[in-house]
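Student: Can you keep this structure in mind? I'll have questions shortly.
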Amino acid sequence: MGDVPDPPHALLEAVKLTKRFGSLVANDHVSLAIRAGETHALLGENGAGKSTLVKMMCGLLQADSGELLYEGTPIIFPDPASSRAKGVGVVFQHFALFDALTVVENVALGLPGHQPLAVLAARIDDCVRRYGLSVEPYRRVGELSVGERQRVEIVRCLLGDPRVLILDEPTSVLTPDESENLFRTVDLLTDEGRAVLFISHKLDEVRRLCHRATVLRGGKFIAEVNPKQESSASLARLMVGADVPRTPRVAAHALGEPRLLVRQLSVAGDGSRGSALHDINIEVRAGEIVGIAGVAGNGQTTLFNVLSGETRVEDHESIVIDKVAAGGLGPTERRALRAGFVPEERLGHAAAPDMRLSDNVLLTTHGDGQIVKRGVIHRSVLFARFQQIVKGFDVRFGGKDPKARRLSGGNLQKFVIGREVLRDPVLIVVDQPTWGVDASAAAFIRTTLRERAAQGCAVLVVSQDLDELLEFADRVGVMCEGRLTAPVPVAETSREAIGLAMGGAYGTHSAAGEGHHAA
Amino acid sequence: MLDAAIIGAVLASVVAAATTLLLASLGELVAERAGTLNLGVEGMMIVGAAVGYVTAYGSGSLLLGTLAAVLAGMALSLVFAVLAIWLATNQVASGLATTILGLGLAGLIGASFVGTQLAGAPQLHIAGLTELPILGKALFGQDAFVYVSFLLLAAVAYTLTRTRIGLVLRAVGENHAAAHALGHPVRGIRTLAVMFGGGCAGLAGAHLSLAYTPFWAADMTAGRGWIALALVVFSAWRPLWLLGGAYLFGAVSILQLHVQGFGLGIPSQFLSALPYLATIIALVVISALKHGRGAPASLGVPFVPDR
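In order, the protein sequences belong to chains A and B.
Residue numbers for the first sequence follow our numbering, beginning at 32 and rising by one.
Residue numbers for the second sequence follow our numbering, beginning at 9 and rising by one.
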């Protein structure tokens with residue numbers, strides 16, 4: 032608040048912290064000061080060292096050198112309990128929640144000492160009312176949506192009455208509407224004189240919400256700036272170290288045959304949240320990119336598995352790939368129809384972590400008849416293809432042919448995309464193409480997919496990154512609770528309409544969709 | 009033909025047979041709820057039986073023997089805990105090693121006591137109640153181990169669901185990374201839970217060698233440790249279901265003896281195998297019904313904090 036003078040020093044300050052993991056320097060003399068009544072942004076790409084810094088500031092990791100100051104005095108947090116005792120609360124990106132337990136039990140675990148659950152439930156209700164969060168104390172956490180889980184985490188932190196609240200990528204799992212709610216809560220917290228550290232790579236949010244921003248790149252401190260005086264482009268330059276290329280818009284080209292037809296596809300699901308699909312209809316024609324937006328856990332994983340053939344469906348006609356009813360075919364048979372699939376999880380799903388990259392090429396190319404003939408692997412052909420992927424898709428790594436797990440996320444994703452693209456598919460289905468990938472690699476991947484579409488491939492992209500879909504997809508549909516709104520041309524929809532649909536307001540977005548189809 | 013006295017005696021022996029299983033599986037349930045799968049139950053049980061017998065034989069005190077058995081079970085479980093929890097070795101391999109070590113150790117400890125016999129734990133007698141027909145002897149004429157097993161069951165059920173330490177223990181078994189992030193000592197809690205399991209297995213061993221069959225034989229546990237492990241799964245990690253499972257299994261294992269006695273012409277080998285068959289069928293049915301739900305999510309996964 033305006034009438035409160037700035038305190039003489041920061042509440043919590045990191046001074047020249049350094050942390051090494053083997054040969055990797057995750058944090059190299061990084062400094063950061065969080066002040067009372069301020070929202071401080073920590074900006075950086077994936078791998079810039081944000082999480083390492085946060086873990087050192089809350090006692091989960093110990094710094095190799097440098098020190099932490101708490102109200103100006105050096106302090107050591109040997110474990111998270113000691114930082115919490117000093118009023119440092121953290122809401123992690125991967126929530127530290129227990130699915131099998133209720134909300135109250137989860138909250139009780141984060142607080143010291145014992146208090147009756149009924150008393151705690153009443154305190155949760157108080158906190159919920161005060162900060163405009165909605166949480167039901169006696170529900171099992173396993174049944175909650177991602178947004179609700181985050182609110183549980185925040186309530187748990189707030190009941191510990193923290194002076195410093197650290198939010199690690201809080202909006203990456205939220206709908207635009209839920210994000211707005213979160214921002215209001217954060218504003219209330221700083222008005223009360225608490226300090227908030229807001230970790231993000233979404234620049235618009237940071238400019239709107241934060242009073243100060245510290246930028247990290249490659250484990251190093253780059254700058255502390257006032258985000259309100261910066262543009263998104265200038266912040267991006269600080270983060271990336273260069274201008275971020277935008278995906279070029281390709282001139283309109285004629286669309287060809289439908290390569291993927293999904294008709295009235297329903298899947299019962301295994302009972303866990305977000306595993307069922309209800310009456311999904313999608314048409315992807317040669318030459319176009321169709322995007323599927325939505326918050327994680329709304330059926331996207333099931334949809335991907337059903338499309339790739341990992342899960343087969345009873346109605347074989349409900350999935351048609353290049354005019355062939357494919358609902359009963361397995362992944363290899365679907366690849367034989369010249370379809371390519373890139374799952375969300377790179378290590379363990381798209382690639383075998385402990386196999387060499389060249390062997391990973393085989394995982395999806397063994398049925399193509401070029402590398403494996405009569406059951407024998409032709410290593411020279413395999414290696415030629417491997418080289419082609421590495422050169423053509425700028426895959427960078429150390430050594431000649433390392434194990435997949437040694438590659439960075441961005442390079443492995445470029446490798447996986449390259450592997451599928453070089454199979455010359457007529458259809459590519461990609462789940463989260465640029466999740467956890469640095470900005471320049473992400474731009475490269477989007478451009479690659481754009482080019483393939485221009486050459487007549489049909490591309491279906493599932494992504495949680497709305498900006499990404501608006502940037503490079505032709506049409507966008509929204510998944511919510513296993514239902515998909517009819518994909519509408521990007522030009523005919525808006526962030527707001529998609530955001531509403533992501534939150535489950537079907538009417539607005541799909542009405543527009545129906546209009547498009549009738550046209 | 010089947011008069012009340014016979015039925016009463018059969019019921020009493022069912023209770024006695026079930027008690028060993030209940031004690032051992034309760035301990036393992038606690039260890040597993042904290043996230044550690046200890047396959048060493050059989051080994052800890054037999055070491056408890058041997059140490060308990062030898063101590064009781066030497067000192068003449070059953071109480072001292074029982075205490076020694078509990079401590080012996082804990083000591084062996086601590087070996088497992090150091091390997092599996094603190095050195096993050098594979099839990100299955102370490103548990104099997106614990107069982108093999110226990111069987112060998114017990115044979116060594118008891119070698120010179122083969123063929124000896126003890127008086128055995130005294131049975132309760134409450135004038136008026138113990139003489140009740142049918143249930144009197146089963147409920148009011150048992151040795152102290154039986155009543156301890158009930159108390160322990162109640163204590164475990166209450167602690168797990170109603171107390172903070174129980175909540176923390178469940179949390180550690182559910183998501184150890186989250187529990188660690190919240191500042192709970194994951195490995196310390198797991199170690200204590202495993203040691204509780206070891207103590208219970210030792211107590212179950214003492215029940216065998218000091219009360220149920222008060223003599224020493226090298227293989228006297230006869231696979232009961234494995235049955236106890238299966239019962240934990242059978243119960244879906246819930247103490248009250250464990251009670252049902254232990255008594256069901258105890259009943260089958262006693263009844264098959266009596267069926268053999270009637271001479272129905274069924275091969276005795278088949279009848280002796282019945283309890284184990286019943287276990288397998290129960291496990292299959294339960295897992296088919298419940299999709300393996302109820303298992304602590306971090307069960308069997310070693311926890312290694314990053315540094």
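For every residue, glycine included, the Cβ atom is placed at its ideal position computed from N, Cα and C.
When you compare the segment 235 to 251 of chain A with the segment 438 to 458 of chain A, are there three or more beta-carbon pairs, one atom per stretch, that lie closer than 8 Å?
Tutor: With the cut-off at 8 Å, the segment 235 to 251 of chain A and the segment 438 to 458 of chain A do not touch.
Student: Using beta carbons (cut-off 7 Å, strictly below), is B/A189 in contact with chain A?
Tutor: Yes - at least one Cβ of chain A is within 7 Å of the one on B/A189.
Student: Can you name, in chain order, every residue of its own chain whose Cβ lies under 7 Å from the Cβ of B/L282, other than the five neighbours on each side?
Tutor: If we look at B/L282 and ignore the five residues flanking it on each side, its Cβ neighbours are V260, Q264.
Student: Per DSSP, what are the beta-bridge partners of A/E255 in this structure?
Tutor: Answer is A/T245, bridged to A/E255.
Student: Between B/T199 and the rest of its own chain, which residues show a CB-CB distance below 7 Å, the 5 nearest in sequence each way excluded?
Tutor: Cβ neighbours of B/T199 beyond the five flanking positions: A89, I93.
Student: Taking the beta carbon of A/I552 as the centre, do at least 16 other beta carbons fall within 10 Å, making it buried, or is it exposed?
Tutor: Past the edges of chain A, shown from 32 to 550, lies residue 552 of chain A, and the structure says nothing about it.
Student: Over what stretch of residues does the alpha helix (DSSP H) that includes A/Q146 continue unbroken?
Tutor: Unbroken run through A/Q146: none, as it is neither H nor E.
Student: Does A/C511 come out as helix, strand or coil in the three-state DSSP assignment?
Tutor: Here A/C511 sits in strand by DSSP.
Student: Buried or exposed, going by whether 16 or more other CB atoms sit within 10 Å of the CB of A/Q418?
Tutor: A/Q418 is exposed by the Cβ-count criterion.
Student: Any C-beta of chain A within less than 8 Å: which residues of the segment 177 to 208 of chain B qualify?
Tutor: Listed by position along the chain: R178, A179, E182, N183, A185, A186, A187, H188, A189, L190, G191, H192.
Student: Please classify A/H309: does DSSP put it in a helix, a strand, or coil?
Tutor: Strand.
Student: Note down, in chain order, every chain B residue with its Cβ under 9 Å from the Cβ of A/L91.
Tutor: Chain B residues near A/L91: H188, A189, P313, D314.
Student: To which residues does DSSP link B/D151 through a beta bridge?
Tutor: DSSP, once it has assigned bridges, lists B/Q131 as partnering B/D151.
Student: Output the distance between the C-alpha atoms of A/A550 and A/A517, rounded to the nearest integer angstrom.
Tutor: With a pLDDT of 32 at A/A550, under the threshold of 50, the modelled position of this residue cannot be trusted, and the question is left open.
Student: Of the residues B/A12, B/F121, B/L116, B/T107, which one's Cα is nearest the Cα of B/A230?
Tutor: Among B/A12, B/F121, B/L116, B/T107, the Cα nearest to that of B/A230 belongs to B/T107.
Student: A/L128 versus chain B: which residues are under 9 Å apart at the beta carbon?
Tutor: Under the 9 Å cutoff, chain B gives N183, A186.
Student: By DSSP, does A/V293 sit in helix, in strand, or in coil?
Tutor: In this structure, A/V293 counts as strand in the three-state DSSP scheme.
Student: Alpha carbons only, please: which of A/G90, A/V355, A/I253 is nearest the one belonging to A/I197?
Tutor: A/I197 has its Cα closest to that of A/G90, out of A/G90, A/V355, A/I253.
Student: Note down the Cα distance separating A/V46 from A/V150, rounded to an integer number of angstroms.
Tutor: About 40 Å.
Student: Would you mind reading off the limits of the beta strand (DSSP E) that contains A/R51?
Tutor: Looking at the DSSP string, the run of the beta strand (DSSP E) that includes A/R51 is 43 to 52.
Student: Between which two residues does the alpha helix (DSSP H) harbouring A/G97 extend?
Tutor: That residue, A/G97, is in no alpha helix (DSSP H); its beta strand (DSSP E) goes 96 to 101.
Student: Leaving out the 5 sequence neighbours to the left and right, which residues in its chain are closer than 8 Å to A/V392 when beta-carbon positions are compared?
Tutor: For A/V392, where only same-chain residues beyond five positions count, the Cβ hits under 8 Å are I402, L413, R416, F417, I420, R450.
Student: For the segment 473 to 485 of chain A, enumerate the residues whose C-beta is nearer than 9 Å to any C-beta of chain B, in chain order.
Tutor: So nothing in the stretch comes that close.
Student: Go through its chain and collect everything with a Cβ distance to A/T539's Cβ below 6 Å, but skip five positions before and after it.
Tutor: Caution is warranted here: a pLDDT of 42 is assigned to A/T539, below 50, making its placement in the model unreliable, and the coordinate value is therefore given only provisionally. Counting only Cβ-Cβ distances below 6 Å, and skipping sequence neighbours, we find A528, L531.
Student: Does any C-beta atom of chain A lie closer than 7 Å to the C-beta of B/R172?
Tutor: Chain A, which has a Cβ nearer than 7 Å to the Cβ of B/R172, makes this yes.
Student: Give the list of continuous alpha helix (DSSP H) stretches no shorter than 4 residues that lie fully inside the segment 316 to 358 of chain A.
Tutor: Counting whole runs of 4 or more residues, the segment 316 to 358 of chain A contains the alpha helix (DSSP H) stretches 331 to 339.
Student: With respect to the beta strand (DSSP E) encompassing A/G406, which residues constitute its N-terminal and C-terminal limits?
Tutor: Neither: A/G406 is in no beta strand (DSSP E) and is coded neither H nor E.
Student: Could you pull out every unbroken alpha helix (DSSP H) segment of at least 4 residues lying fully inside the segment 173 to 202 of chain B, listed in chain order?
Tutor: With a minimum length of 4 residues, the continuous alpha helix (DSSP H) runs that stay inside the segment 173 to 202 of chain B are 184 to 189.
Student: In the DSSP assignment, find the beta strand (DSSP E) that holds A/L198 and state where it starts and stops.
Tutor: 195 to 199 is the span of the beta strand (DSSP E), which, as asked, contains A/L198.
Student: Step through the CB atoms of chain A and report whether any lies within less than 7 Å of the CB of B/L161.
Tutor: B/L161 does not count as touching chain A.
Student: Between A/V452 and A/R483, is the Cβ-Cβ spacing less than 7 Å?
Tutor: Cβ atoms of A/V452 and A/R483: closer than 7 Å.
Student: Provide the residue span of the beta strand (DSSP E) that contains A/V122, from first to last.
Tutor: A/V122 -> beta strand (DSSP E) spans 119 to 122.
Student: Suppose the cutoff is 8 Å on Cβ atoms and the five residues either side in sequence are ignored; what does the same chain contact list for B/I262 look like?
Tutor: Once the five neighbours on either side are set aside, the close Cβ partners of B/I262 are V18, S21, V22, A25.
Student: How long is the line joining the alpha carbons of A/K134 and A/E167, rounded to whole angstroms?
Tutor: It should be pointed out that residue 134 of chain A corresponds to Val in this sequence rather than to Lys. So the two alpha carbons sit approximately 7 Å from each other.
Student: Are any of the Cβ atoms in chain B nearer than 7 Å to that of A/E236?
Tutor: So, not an interface residue.
Student: In chain order, which continuous runs of the alpha helix (DSSP H) of length 4 or greater are located wholly inside the segment 238 to 281 of chain B?
Tutor: If we require 4 residues or more, the alpha helix (DSSP H) runs fully inside the segment 238 to 281 of chain B come out as 247 to 270.
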